[in-house]
Ligand code: TYM
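In the numbering used here, the protein residues as written are -19 to 315.
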């Protein structure tokens, strides 16, 4: 009888250390990271190389990378059984990205909507890294032979590109990469701005009332939800054209597990004031454990550095196998 334990399926995702994550990052991605870490073999990283595609102060990048790692460690991910690492500490990502560049067509990379959006936003700095962003992301995913990638809806197109690159490479050289599947939550995949519910909640929004940071205090969270844009109907129901209320219902549902129907019946006849307060309270409760753990971990710089080191060692060990295989297949002489 074979007693070898069955290897768990592998999950991978990264987040950029561009600032403290928003409630959008949390409900769209990090909350699923936490849930999946119980069942899968998970590899989670801080995408500091991706963060270089827009101008960022070196000292800011350094401190935000440590903060983001501390944030991931605060998600109760069990770093013993899962891998938590910083992207630039593991050289295989950038090396595989270079090779994958040569298997990515200029035309398909040009179709990426995030590149077009970011080019518009950063018209004075449309650098090649910004263009190449999704190929590095493909390398992040493929180098670990990842089966599932928990992401928000905005990253779906990038994942599709990673799948195409994997298929193409496998077609030329035989089975090399696992073709990854996106894991996009049914709810929360696209949390919208509290001030303009037709655009996504983003870390870079200039209006501080538009987004909730994972580390906002209860007072600030309450104030932001109180000033959230809604409509003039005063009826809590999920319907077309009610973008503000739909967004609040999604947030409430993600935090409480209640369905839209239950929320509608619980708030029947009540005004938006009551509903906004309930949403704020649910968010405060949802974030409380993460905030408490983060407050403890961020003080312990030695622990953060130790986790970064052991995470990078484990990530390197896993990813090197794929990189070597790819180098061999494409004909790089290994001496
Ligand atoms: P980043 O840091 O921009 O976003 C991190 C994660 O948060 C999700 N997200 C949202 N989800 C719901 N509602 C929102 N308003 C919202 N805003 C952001 C994003 O979809 C993402 O899952 N390119 C990636 C980082 C990355 C990556 C990877 C991800 C680099 N390499 C490999 C997966 C696999 C990104 O968007 O980071």
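Here a beta-carbon is modelled for each residue, glycine too, at the ideal position from N, C-alpha and C. All of these numbers come straight from a predicted model, not from anything done at the bench.
Residue interval of the beta strand (DSSP E) (run including residue i)
i: residue 129; result: 128 to 130
i: residue -8; result: -10 to -5
i: residue 66; result: 63 to 66
i: residue 21; result: 21 to 26
Residue i: first and last residue of the uninterrupted alpha helix (DSSP H) it sits in
i: residue 161; result: It is not in any alpha helix (DSSP H) - residue 161 instead sits in the beta strand (DSSP E) that spans 161 to 163.
i: residue 145; result: 136 to 153
i: residue 72; result: 72 to 81
i: residue 201; result: 198 to 206
i: residue 247; result: Taken as a continuous stretch (DSSP letters only), residue 247 belongs to no alpha helix (DSSP H), as it is neither H nor E.
i: residue 113; result: 108 to 122
i: residue 94; result: 93 to 101
i: residue 54; result: Here residue 54 belongs to no alpha helix (DSSP H), and DSSP marks it neither H nor E.
Closer than 7 angstroms: residue i CB and nearest ligand 1 heavy atom
i: residue 89; result: no
i: residue -7; result: yes
i: residue -2; result: yes
i: residue 332; result: This structure gives no information on residue 332, because the portion of the chain shown stretches from -19 to 315.
i: residue 46; result: no
i: residue 176; result: no
i: residue 30; result: yes
i: residue 74; result: no
i: residue 168; result: yes
Of the residues the options, the one placed nearest residue i, counting alpha carbons only
i: residue 63; options: 52, 266 and 4; result: 52
i: residue 193; options: 211, 210, 174 and 178; result: 174
i: residue 15; options: 31, 79, 164 and 133; result: 164
i: residue 50; options: 0, 314, 21 and 97; result: 0
i: residue -13; options: 19, 10, 206 and 38; result: 19
i: residue 171; options: 223, -8, 275 and 256; result: 223
i: residue 110; options: 34, 47, 230 and 41; result: 34
i: residue 156; options: 124, 180, 168 and 273; result: 124
For residue i, three-class secondary structure by DSSP
i: residue 158; result: coil
i: residue 48; result: helix
i: residue 280; result: coil
i: residue -19; result: Only weak support exists for where residue -19 lies, its pLDDT of 48 falling under 50; the value from the coordinates is given anyway. It is coil, neither helix nor strand.
i: residue 299; result: helix
i: residue 289; result: helix
i: residue 2; result: strand
i: residue 16; result: helix
i: residue 189; result: helix
i: residue 167; result: coil
i: residue 222; result: coil
i: residue 180; result: strand
i: residue 172; result: strand
i: residue 84; result: coil
i: residue 213; result: coil
i: residue 32; result: coil
i: residue 38; result: helix
Assumed close pair residue i, residue j - CB separation to whole angstroms, cut-off 8 angstroms
i: residue 26; j: residue 67; result: 6 angstroms
i: residue 8; j: residue 132; result: 3 angstroms
i: residue 122; j: residue 74; result: Incorrect: roughly 13 angstroms between the Cβ atoms, too far for contact.
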